[in-house]
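J.: Sequential numbering from 1 applies to the sequence shown in UniProt numbering. Don't be surprised by glycine CBs; every beta carbon is placed ideally from N, CA and C.
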Amino acid sequence: MTRTTAWRRHPLARYAVLVLALALAGVAYATLVQASKPADAALAAGKVDDVAEGKSLFQAHCASCHGLSAEGTSTGPTLVGVGAAAVDFQVSSGRMPAANPGAQAPRKPPAPWVNDDTVRQLSAYVQTLGGGPTIPTKEQLDTTGANAAKGGELFRANCIQCHNWSGAGGALTRGKYAPSLNASSPKQIYEAMVTGPQAMPVFNDSTITPQEKRDMIAYITEIRSQKDPGGFGLGRIGPVTEGLVAWAVGISLLALAAIWITAKKRRKS
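1. Could you round the C-beta distance between H66 and G76 to whole angstroms and report it? I think they count as a contact, below 8 Å.
2. Are at least three pairs of beta-carbons, each pair with one atom in the segment 206 to 222 and one in the segment 141 to 155, less than 8 Å apart?
3. Run the CB neighbour count on V51, radius 10 Å, all protein chains shown included, and call it buried at 16 or more, exposed below.
4. Using the C-alpha atoms, what's the distance from A171 back to I259?
5. If we ignore side chains and look at the alpha-carbon of each, how far apart do G169 and Q198 end up?
6. Taking the continuous alpha helix (DSSP H) assigned at I189, which residues delimit it?
7. Of all the alpha helix (DSSP H) runs that stay within the bounds of the UniProt domain "Cytochrome c" (146 to 224), which reach a length of 4 or more residues?
8. Buried or exposed for V249, please, with buried defined as at least 16 other CB atoms from any protein chain shown within 10 angstroms of its CB.
9. What is the rounded straight-line gap between the Cα of D142 and the Cα of P210?
10. Since G167 and L181 are thought to touch, with beta carbons under 8 Å apart, how far apart are those beta carbons, to the nearest angstrom?
11. With a Cβ-Cβ cutoff of 8 Å, do P136 and E191 count as a contact?
12. State the CB to CB distance for the pair V126 and A60, rounded to an integer number of angstroms; the pair is presumed to be in contact (CB under 8 Å).
13. Return the CA-CA distance between A45 and A157, expressed in angstroms with no decimal places.
Shown next, in the form of structure tokens:
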């Protein structure tokens with residue numbers, strides 16, 4: 001009996017063969033999955049061909065702050081794992097590329113090179129860098145049949161503390177602020193909820209369901225067309241502004257009244 005034959009008949013041989021087979025199967029599976037990740041991620045954000053174009057755009061317009069591999073630098077955070085939705089939100093709203101460093105990137109007109117195609121390509125590339133929330137589909141953004149009243153309840157419970165009841169925004173700490181939602185598209189509102197930009201928390205689907213997100217979007221877009229019963233909206237900022245205006249106007253009227261009464265008494269005397 002040769003040594004090989006004796007090894008094959010050993011009681012542990014079958015287990016060794018099984019472990020080896022499982023290890024080989026695992027390596028093969030991991031290789032296939034890793035190879036398919038860029039394609040799957042690109043399909044989730046756009047087209048497979050967009051990845052190469054997106055990488056070129058990233059290196060030309062984003063790498064100076066975020067690093068050549070999006071690993072992050074002292075002036076920009078890492079983009080690994082942020083997802084395509086975060087890129088679409090930041091770039092389409094003009095917040096990125098940032099013009100000047102500060103506590104918060106303000107909304108501004110998008111850069112000249114930004115359009116639907118370049119945003120899709122850049123998003124597809126970043127999606128391959130660790131995955132993350134994808135750009136919402138048309139079905140996810142369809143507010144047909146959405147309950148705006150329920151959306152208002154959800155908005156007041158989760159968002160009014162920062163964004164005001166009407167989405168007019170408000171000040172936060174350390175130079176940050178909750179921006180106005182009046183110029184935000186339904187897609188940008190949805191993306192902000194799933195990515196949590198700046199100081200905003202993330203509202204994933206387990207916290208606020210996709211249907212509830214559509215209800216909130218319906219509420220936010222509906223109140224934009226509501227008329228102010230008092231006449232002047234005063235930016236819909238809230239009672240502080242209303243009180244200040246009332247105080248200023250009231251004091252001014254009282255001062256004018258006092259001057260008029262005094263002048264009238266002088267004429268009589």
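T.: The short version:
1. Within the sequence shown, the letter at position 66 stands for residue 66. Within the sequence shown, the letter at position 76 stands for residue 76. About 4 Å; that satisfies the 8 Å criterion.
2. A contact exists between the segment 206 to 222 and the segment 141 to 155.
3. Start at 1 with the first residue of the sequence shown, and residue 51 comes out as number 51. Buried: at least 16 other Cβ atoms inside 10 Å.
4. In the sequence shown, residue 259 corresponds to position 259, counting from 1. In the sequence shown, residue 171 corresponds to position 171, counting from 1. Rounded to the nearest angstrom, the two C-alpha atoms are 39 Å apart.
5. Walking along the sequence shown from the start, residue 169 turns up at place 169. Walking along the sequence shown from the start, residue 198 turns up at place 198. In a straight line, the C-alpha of G169 is about 14 Å away from that of Q198.
6. Here residue 189 corresponds to residue number 189 of the sequence shown, with the count starting at 1. Per DSSP, I189 belongs to the alpha helix (DSSP H) from 186 to 195.
7. Segments of the alpha helix (DSSP H) lying fully in the UniProt domain "Cytochrome c" (146 to 224): 148 to 158, 160 to 163, 186 to 195, 210 to 223.
8. Counting from 1 along the sequence shown, the entry for residue 249 is found at position 249. Exposed.
9. Within the sequence shown, residue 142 is the residue found at index 142, counting from 1. Within the sequence shown, residue 210 is the residue found at index 210, counting from 1. Each residue's Cα considered, the two are about 10 Å apart.
10. Reading the sequence shown from its first residue, position 167 is the one you call residue 167. Reading the sequence shown from its first residue, position 181 is the one you call residue 181. G167 to L181, Cβ: 3 Å. Contact.
11. As a working note, residue 136 is residue 136 in the sequence shown. As a working note, residue 191 is residue 191 in the sequence shown. Going by C-beta atoms, P136 is nearer than 8 Å to E191.
12. For this step, residue 126 is matched to residue 126 along the sequence shown. For this step, residue 60 is matched to residue 60 along the sequence shown. Actually they do not touch by this definition, with Cβ atoms about 14 Å apart.
13. Taking the sequence shown and counting its residues from 1, the one referred to as residue 45 is at position 45. Taking the sequence shown and counting its residues from 1, the one referred to as residue 157 is at position 157. The pLDDT assigned to A45 is 49, lower than 50, so where the model puts this residue is not dependable; a value taken from the coordinates is nonetheless given after this. Annotation: A45 to A157 spans about 31 Å, alpha carbon to alpha carbon.
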